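**Student:**
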Amino acid sequence: MPGPKFLTGEAVSLRPIEDEDVGFLRDGVNDPAIWRAMERATPASGAEQRETVAELRENDATVPFLVTTRQSRVGFVSLTELNDNWGNAALSFWIAPDQQGEGYGAEAVALAVEYAFEHRRLHKLIAHTIALNDASIGLLESIGFEREGRHRDEAFVDGEYHDLLAFGLLEDEWCEDRSAATDS
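Each residue of the sequence shown is one higher than the one before, counting from -17 in our numbering.
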């Protein structure tokens, strides 16, 4: 895969987004399985996706990563709304539908969480997902995120309103979960 690896796990790596990744990202955000769970519900052209990538690169409050295996691009994960004063950020992610169920999302999110807490010295991460997204809910909870709230009828998907769930993870909770995992 082109581009330097920034963080490496067993199955996936997180790396900076390169110009040649725009087509993959465009295809991802245009896939109904992905965009239905996102706030954006309009198609993205290649030019629009290039502009989005440029904006991500220029935004000091965003750290975007492409998720890759040795063979292919599999998804996207980012820290957004990074607030160094308060020590928090929002986490967002998606894995291409044909790559889901392989554990790539869990490992990519774990790498991003480790980066946030160990290298950026953040105190808290937040994440949101629609209540019908069982895969994301399970992934967030498996990493240690706690449900912190519910925004009723916040998301309009497939002709219906759905609740948006708010999750949070504190750095010390994450450290405790990691210690418990290595002790067992």
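Quick reminder that beta carbons are idealized off the backbone N, C-alpha and C, glycines included. Model, not experiment: these values are computed from the prediction.
Considering just the uninterrupted stretch of the beta strand (DSSP E) at glutamate 21, what are its terminal residues?
**Tutor:** As a working note, residue 21 is residue 39 in the sequence shown. Note, glutamate 21: premise wrong, no beta strand (DSSP E); not H, not E.
**Student:** Please report the straight-line C-alpha distance between glycine 69 and arginine 134, rounded to a whole angstrom.
**Tutor:** In the sequence shown, counting from the first residue as 1, residue 69 sits at position 87. In the sequence shown, counting from the first residue as 1, residue 134 sits at position 152. Looking at the two C-alpha atoms, the distance is approximately 27 Å.
**Student:** Hey, is the region -8 to 12 in contact with the region 104 to 112, meaning 3+ C-beta pairs nearer than 8 Å?
**Tutor:** No: the two stretches stay apart, fewer than three of their Cβ pairs being nearer than 8 Å.
**Student:** Suppose you measure from the CA of glutamate 123 to the CA of glutamate 40; what does that come to, to the nearest Å?
**Tutor:** Counted from its first residue, the sequence shown places residue 123 at position 141. Counted from its first residue, the sequence shown places residue 40 at position 58. If I take the Cα positions, the gap works out to 31 Å.
**Student:** Got a sec? Which residues, its chain only, sit under 7 Å from alanine 98 by beta carbon, not counting five neighbours each side?
**Tutor:** In the sequence shown, residue 98 corresponds to position 116, counting from 1. Closer than 7 Å at the Cβ level, and outside the excluded window around alanine 98, lie Leu61, Ala71, Leu104, Leu107.
**Student:** Spatial neighbours of alanine 88 within its chain, please: CB distance less than 8 Å, with the 5 preceding and 5 following residues excluded, ordered by chain position.
**Tutor:** Counted from its first residue, the sequence shown places residue 88 at position 106. Cβ neighbours of alanine 88 beyond the five flanking positions: Leu121, Ser124, Ile125.
**Student:** Less than 8 Å separating the beta-carbons of valine 56 and glutamine 31?
**Tutor:** The residue you call residue 56 lines up with position 74 of the sequence shown. The residue you call residue 31 lines up with position 49 of the sequence shown. Cβ distance not < 8 Å, so valine 56 and glutamine 31 don't count as in contact.
**Student:** Are the CB atoms of leucine 73 and valine 45 nearer to each other than 8 Å?
**Tutor:** Along the sequence shown, read from residue 1 onward, the residue named residue 73 stands at position 91. Along the sequence shown, read from residue 1 onward, the residue named residue 45 stands at position 63. No.
**Student:** State the DSSP-derived secondary structure class of glutamate -8, mapped to helix, strand or coil.
**Tutor:** As a position in the sequence shown, residue -8 is number 10, starting the count at 1. If DSSP states are grouped into helix, strand and coil, glutamate -8 belongs with coil.
**Student:** Give the single residue among Arg8, Glu84, Gly(-9), Gly150 whose Cα lies nearest to the Cα of arginine 132.
**Tutor:** For the purposes of this step, residue 132 is identified with residue 150 of the sequence shown, where counting begins at 1. For arginine 132, the nearest C-alpha among the options comes from Gly150.
**Student:** How would you call tyrosine 86, buried or exposed, if buried means at least 16 neighbouring beta carbons within 10 angstroms?
**Tutor:** The count along the sequence shown starts at 1 and reaches residue 86 at position 104. With 16 or more other Cβ atoms within 10 Å, it is buried.
**Student:** Histidine 144: buried (16+ other C-beta within 10 angstroms of its C-beta) or exposed?
**Tutor:** Position 162 of the sequence shown, counting from 1, holds the residue named residue 144. The residue in question, histidine 144, is buried, as its Cβ has 16 or more Cβ neighbours within 10 Å.
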